[in-house]
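The working numbering puts the last residue of the sequence shown at 1311; the count rises by one with no breaks.
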Amino acid sequence: MVGFIASRTGRWVRILAGSGLVLGGLGTRSPGGAVVALAGLVPLLSGALDLFLLGPLFGLPVKGADARRALGQPEEAPLLDLAHDGGRSPYAPPSTLLH
1213 MVGFIASRTG
1223 RWVRILAGSG
1233 LVLGGLGTRS
1243 PGGAVVALAG
1253 LVPLLSGALD
1263 LFLLGPLFGL
1273 PVKGADARRA
1283 LGQPEEAPLL
1293 DLAHDGGRSP
1303 YAPPSTLLH
């Protein structure tokens, strides 16, 4: 479970869950909703900034890349793969459907 939270997919789950909490909390327009929205900023920002805030509880670093390295996970592509090459090279041409 710790490895998943530190992974690229886990980062996306944290970002989406945090966004949902922020939007849902603000949508209620109540003091309780504001608290939920503020709490949603924690997973949203930790996923976006690649911070693994639970790392120290498990003896791991806070920085996501360092935590993944300590867990023995392979180096992953960036959160957004804008080069369409799986994170191999920033200068690789975009992939096509006609390989």
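By construction, the Cβ of each residue, glycine as well, lies at the ideal position given by its N, Cα and C atoms.
First and last residue of the uninterrupted alpha helix (DSSP H) at residue i
| i | result |
| --- | --- |
| Gly1284 | Run containing Gly1284: none; DSSP gives neither H nor E here. |
| Phe1216 | Val1214 to Ala1218 |
| Pro1255 | Pro1243 to Ala1260 |
Given residue i as reference, the closest of the options once Cα atoms are compared
| i | options | result |
| --- | --- | --- |
| Gly1252 | Ala1260, Ala1246, Gly1230 and Phe1270 | Gly1230 |
| Arg1223 | Leu1257, Leu1272 and Ala1249 | Leu1257 |
7 Å Cβ cutoff met for residue i and residue j
| i | j | result |
| --- | --- | --- |
| Leu1292 | Val1274 | no |
| Ile1227 | Ala1260 | yes |
| Val1248 | Leu1233 | yes |
| Gly1215 | Leu1283 | yes |
Alpha-carbon spacing of residue i relative to residue j, whole angstroms
| i | j | result |
| --- | --- | --- |
| Pro1286 | Pro1255 | 23 Å |
| Pro1243 | Val1225 | 26 Å |
| Arg1336 | Leu1250 | No information on residue 1336 is available, as it lies outside the stretch 1213 to 1311 that the chain covers here. |
| Thr1221 | Gly1276 | 12 Å |
| Met1213 | Ser1219 | 10 Å |
| Glu1288 | Gly1245 | 35 Å |
| Pro1290 | Asp1278 | 14 Å |
Note to self: For the structure I just gave you, are there three or more beta carbon pairs, one from the segment 1261-1278 and one from the segment 1236-1245, closer than 8 Å?
What the structure shows: no
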